[in-house]
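**Student:** Quick note on the working numbering: the sequence shown kicks off at 122 and runs consecutively. Idealized CB from N, CA, C, for every residue including glycine.
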Amino acid sequence: MAKRGVLIVTGGSRGIGAATCRLAAARGFAVVVNYAANEAAATALAGEIEAGGGRALAVRADVGSEPDVLALFEAADRFGPLAGLVNNAGVVDAPARVEAMSLDRLDRMFRINLTGSFLCAREAILRLSLERGGPGGTIVNVSSAAAKLGGAGSYVDYAAAKGAIDTMTVGLAREVADVGIRVCAVRPGIIDTEIHASGGWATRVAEVGASLPMGRAGTADEVAQAILWLLSDEASYSTGAILDVSGARAILP
Ligand code: NAP
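1. Please state the DSSP three-state secondary structure of Tyr276.
2. List the residues that DSSP assigns as beta-bridge partners of Gly339.
3. Quick one: what's got a C-beta closer than 8 Å to Arg199's C-beta in the same chain, skipping five residues either side?
4. Taking the alpha helix (DSSP H) that Asp198 belongs to, which residues open and close that run?
5. Determine the DSSP secondary structure at Ile372, reduced to helix, strand or coil.
6. Using a Cβ-Cβ cut-off of 6 Å (strictly less than) and excluding sequence neighbours within five positions of Gly301, which residues of its own chain qualify?
7. Identify which residue in Phe231, Ala210, Gly174, Leu351 has its Cα closest to the Cα of Asn159.
8. Pick out the complete alpha helix (DSSP H) segments inside the stretch 217-305, 4 residues or longer, and give them in chain order.
9. With a threshold of 6 Å on Cβ separation, who are the neighbours of Arg337 within its own chain once the five nearest residues in sequence on each side are excluded?
10. From the DSSP output, in three-state form, read off Val326 for me.
11. In the DSSP assignment, the beta strand (DSSP E) including Arg143 goes from what residue to what residue?
12. Does Leu349 come out as helix, strand or coil in the three-state DSSP assignment?
13. For Ile129, list the residues DSSP reports as bridge partners.
14. Please state whether DSSP places Ala318 in a helix, a strand or coil.
15. Assuming Leu333 is part of the alpha helix (DSSP H), what are its boundary residues?
16. What's the C-alpha gap between Gly133 and Glu220?
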């Protein structure tokens, strides 16, 4: 079934990443399901995809660690020729005002959410670039509506990292447009995943869902559908594009 090459999905074991892996496998990609800590979730998802006739490989790597990222891409190389990357791995921290943010928190926030995406993009370009003998391909970054809203009172650090992801998407798209690589992003609104609980706000979706423009939070599948469109040939002239998947939350510039 896997006829479209290898797609690396960072943070592919849960939430938006897991939905993306499932859909990508159904569309013919061989999927590298990256994870940081929860091996059981990653291997279960890879097993589910394989049982359904797809190809999947679970690989542990912290995207904020350069040796881990190098090992992730080497594992992907052994799996097959790279076709694309979804820079999805991301974390939030406990809601806090900026005056309470420690250097450790800021280092972690930017290392995982921003530096990790750069490291993975770099490794993807080295393999995909036509200039380097690669086949071309697509990078999709997972930003956030927070990039436009700013996260005041809770997540300014996270929002700033995602704002930088938006800027990276535009700049990198222009940088590699002539070597066969498209770079796009999705900007999800509030999506019903475990990220809110991991940041210590487990009731967030229940608390704010009804007040959102569509009266509900989004689902991981709804974001995955947008990511897969950006990865597809139907999006062949879309690069540097940032697609809001936010149910009209934060759609103004
Ligand atoms: P999630 O359910 O918390 O899943 C996070 C995934 O990232 C897990 O697979 C986790 O692996 C992995 N991960 C965490 N730290 C990592 C690291 N250092 N290296 C590699 N993988 C790591 O998150 P989600 O809600 O699906 O979010 C996915 C992306 O969407 C993130 O970039 C997030 O910022 C963005 N986003 C989410 C929302 C939302 O409301 N959910 C809104 C806007 C944007 P383990 O299981 O091993 O920890």
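**Tutor:** With the given structure in hand:
1. Mapped onto the sequence shown, residue 276 falls at position 155. Coil at Tyr276, not helix or strand.
2. Numbered from its first residue, the sequence shown carries residue 339 at position 218. Its beta-bridge partners are Ile312.
3. Along the sequence shown, read from residue 1 onward, the residue named residue 199 stands at position 78. Excluding positions up to five away in sequence, the list is empty.
4. On the sequence shown, position 77 is the one that residue 198 refers to. It spans 187-200 - the alpha helix (DSSP H) in which Asp198 sits, taken as one unbroken run.
5. Sequence index remark: in the sequence shown, residue 372 carries index 251 (1-based). Three-state result, Ile372: coil.
6. The residue given as residue 301 occupies position 180 in the sequence shown. So the list reads Leu251, Gly257, once near-sequence residues are dropped.
7. Along the sequence shown, read from residue 1 onward, the residue named residue 159 stands at position 38. With distances taken between Cα atoms, Asn159 lies closest to Ala210.
8. 224-231, 237-249, 267-270, 277-297
9. Residue 337 sits at position 216 when you count from the first residue of the sequence shown. Within the same chain, Arg337 has close Cβ partners Gly330.
10. For this step, residue 326 is matched to residue 205 along the sequence shown. Helix.
11. On the sequence shown, residue 143 is found 22 positions in, with the first residue counted as 1. Counting along the chain, Arg143 falls outside any beta strand (DSSP E), though it belongs to the alpha helix (DSSP H) covering 136-147.
12. For the purposes of this step, residue 349 is identified with residue 228 of the sequence shown, where counting begins at 1. The answer is helix: DSSP assigns Leu349 an H, G or I state.
13. Position 8 of the sequence shown, counting from 1, holds the residue named residue 129. Partner(s): Val153, Leu206.
14. Working through the sequence shown from its first residue, we reach residue 318 at position 197. Helix at Ala318.
15. Reading the sequence shown from its first residue, position 212 is the one you call residue 333. No alpha helix (DSSP H) holds Leu333; DSSP gives it neither H nor E.
16. Counted from its first residue, the sequence shown places residue 133 at position 12. Counted from its first residue, the sequence shown places residue 220 at position 99. Straight-line Cα distance between these residues: approximately 33 Å.
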